[in-house]
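Working notes for the structure below.
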Ligand code: SPV
Ligand code: MG
């Protein structure tokens, strides 16, 4: 998955020959391999014990070698550090081993370790001293065949000497190591089941530096690393500890859930699902979808500003904000959400403030403006924008007290510009009725000509001279993915001034215009209803979204 510059085989060879002690850690699937890499290990041990254990079978070649390969492929795809496979006895004769080498190279595995025992092998810690060893010549031939088969010169074959495990002495261990080294092994793994490092230290003393020596201190775990370092070992394998750690964690968690029959004490002690998604690389897919999946990029989201009380409605908003007042049997917010849903806009972020606990329509994202008493719409909008993070889609900003027909959303979606607003050309009725509104001055009035040219907004305001007005802003602002970052910067700038905490969306729009951004105007008439008064609420009952 990741692109790396150095070849994994070369990187592994570097670990064997760095002249310093190096460490690799066990993994048994893609997830644990990824954890090993991101912890900082420079390599991974594809342990036979733990790969078979995670399948729930014994370390006796009960998994087929192709099943092991498949697991390795996931591990290799998930990581960029080299993997050395614990290849047991090579899964058969020299001929099977040759084929294994090809397959490992094809899957990006950097090295394999084979042990001088008989197929099907048994784990070295299960009655090791009763286990027969391979014929020294047959095993040397296997190593030779493997070295001849590898296509990449840097692929490593490590020969594992099981003489101590099988109850033989130092002489047999050295005799075997010598033969395997002569056959072309790149390193010797000297294994021991003692609780002290005496055997491996004795071996290393005699072996000196004929080739790199690898150890697996599972049983002599109490030895300090300085001892291995002083002895000159090249590579230490922590061979099975992630699997063992997961067994402990799984047993404890399963027992707790089973006993308590609820999840209350579990949640804080297990990785969150977000951590699972992160390890799986969910973010990369999200970004790729934006690049390659047209539909994914186009699905906009909407922000619904609903933090204020709506004092004009008196006692109706004593225990809930305006957005939760019921019209035709359901809250305004539900009507608004349904209209968005009708055009496929599912991601709706509602900014709550006044009586926030009363705002609880299910299925929506909520952001709270807890300073709603002393701040205005832009502080709320900033909360929503921060919540959305790096949005790669269009965003529509609207109000919790404006009902509208889905037609408005189609109008907003149509132009490709970074900023689009809808303006009601039939503004005189509102004006004559003495309503408070945000009036719009545009590059030209609504007319046949305006239909075929792009009209732009020049200013919004609630106190503009009548002669300059071309329409009433309906409370909608569509922002493109590019416009989103412009809005972010503008919000930061506006709100950095303590005097501007009460600013509203029209203040933002005016600032965008002043900064040279073009705000496209789409003229329409009707199809929306601003709910300010009890009469508006009555009208809302007849509003057909
Ligand atoms: C493994 O991890 O499968 C090994 C090392 O072979 S050991 O289990 O210590 O033999
Ligand atoms: Mg093994």
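In the working numbering, the protein residues as written are 7 to 551. C-beta atoms are modelled at their ideal positions from N, C-alpha and C, and glycine is treated no differently.
heavy atom of ligand 2 below 7 Å from residue i C-beta
{"i": "residue 387", "result": "no"}
{"i": "residue 133", "result": "no"}
{"i": "residue 376", "result": "no"}
{"i": "residue 92", "result": "yes"}
{"i": "residue 70", "result": "no"}
{"i": "residue 82", "result": "no"}
{"i": "residue 53", "result": "yes"}
Neighbourhood of residue i by C-beta distance below 8 Å, restricted to the same chain and skipping five residues each side
{"i": "residue 208", "result": "176"}
{"i": "residue 226", "result": "198, 200, 201, 202, 203 and 206"}
{"i": "residue 414", "result": "428, 480, 482, 530, 533 and 534"}
{"i": "residue 180", "result": "209, 212 and 213"}
{"i": "residue 365", "result": "312, 326, 327, 329, 330, 339, 356, 358 and 372"}
Heavy atom of ligand 1 within 7 Å of residue i beta-carbon
{"i": "residue 56", "result": "yes"}
{"i": "residue 65", "result": "yes"}
{"i": "residue 193", "result": "no"}
{"i": "residue 129", "result": "yes"}
{"i": "residue 373", "result": "no"}
{"i": "residue 205", "result": "no"}
{"i": "residue 16", "result": "no"}
{"i": "residue 35", "result": "no"}
{"i": "residue 201", "result": "no"}
{"i": "residue 224", "result": "yes"}
{"i": "residue 245", "result": "yes"}
{"i": "residue 266", "result": "no"}
{"i": "residue 281", "result": "no"}
{"i": "residue 290", "result": "no"}
{"i": "residue 184", "result": "no"}
{"i": "residue 295", "result": "no"}
Own chain partners of residue i with C-beta closer than 6 Å, once the 5 adjacent residues on each side are dropped
{"i": "residue 452", "result": "431 and 529"}
{"i": "residue 383", "result": "311, 510 and 511"}
{"i": "residue 56", "result": "32, 34, 246 and 249"}
N-terminal and C-terminal residue of the beta strand (DSSP E) that residue i is part of
{"i": "residue 464", "result": "461-467"}
{"i": "residue 530", "result": "526-530"}
{"i": "residue 29", "result": "28-33"}
{"i": "residue 478", "result": "477-485"}
{"i": "residue 202", "result": "Counting along the chain, residue 202 falls outside any beta strand (DSSP E), and DSSP gives it neither H nor E."}
{"i": "residue 1", "result": "The structure shown does not extend to residue 1, since the chain is modelled only from 7 to 551, so the question has no answer here."}
{"i": "residue 115", "result": "Looking at the DSSP string, residue 115 is not in any beta strand (DSSP E), and its letter there is neither H nor E."}
{"i": "residue 405", "result": "401-405"}
{"i": "residue 372", "result": "371-374"}
{"i": "residue 90", "result": "89-92"}
{"i": "residue 410", "result": "408-410"}
{"i": "residue 219", "result": "219-221"}
Exposure label - residue i; buried when at least 16 CB within 10 Å
{"i": "residue 518", "result": "buried"}
{"i": "residue 192", "result": "buried"}
{"i": "residue 65", "result": "buried"}
{"i": "residue 76", "result": "exposed"}
{"i": "residue 152", "result": "buried"}
{"i": "residue 320", "result": "exposed"}
{"i": "residue 388", "result": "buried"}
{"i": "residue 7", "result": "Note that residue 7 scores a pLDDT of 46, beneath 50, so its modelled location is shaky; the value from the coordinates is reported in the next line. So residue 7 ends up on the exposed side."}
{"i": "residue 199", "result": "buried"}
{"i": "residue 306", "result": "buried"}
{"i": "residue 323", "result": "buried"}
{"i": "residue 288", "result": "exposed"}
{"i": "residue 241", "result": "buried"}
{"i": "residue 283", "result": "exposed"}
Neighbourhood of residue i by C-beta, 7 Å cutoff - its chain only, sequence neighbours within 5 removed
{"i": "residue 474", "result": "447"}
{"i": "residue 10", "result": "Summary for residue 10: the model assigns pLDDT 49, below 50, so the residue's position carries little reliability, and this model does not support an answer."}
{"i": "residue 110", "result": "91 and 118"}
{"i": "residue 360", "result": "313, 314, 315, 327 and 378"}
{"i": "residue 54", "result": "65, 92 and 94"}
{"i": "residue 531", "result": "430, 431 and 432"}
{"i": "residue 98", "result": "125"}
Endpoints, alpha helix (DSSP H) assigned at residue i
{"i": "residue 107", "result": "100-112"}
{"i": "residue 354", "result": "No alpha helix (DSSP H) holds residue 354; the beta strand (DSSP E) holding it covers 353-358."}
{"i": "residue 384", "result": "383-394"}
{"i": "residue 165", "result": "First-last for residue 165: 162-167, but that is the beta strand (DSSP E), not the alpha helix (DSSP H)."}
{"i": "residue 1", "result": "Nothing about residue 1 can be read from this structure; the chain reaches only from 7 to 551."}
{"i": "residue 52", "result": "No alpha helix (DSSP H) holds residue 52; the beta strand (DSSP E) holding it covers 50-52."}
{"i": "residue 447", "result": "Premise fails: residue 447 lies in the beta strand (DSSP E), 445-448, not in any alpha helix (DSSP H)."}
{"i": "residue 537", "result": "Run containing residue 537: none; DSSP gives neither H nor E here."}
{"i": "residue 71", "result": "71-83"}
{"i": "residue 42", "result": "36-45"}
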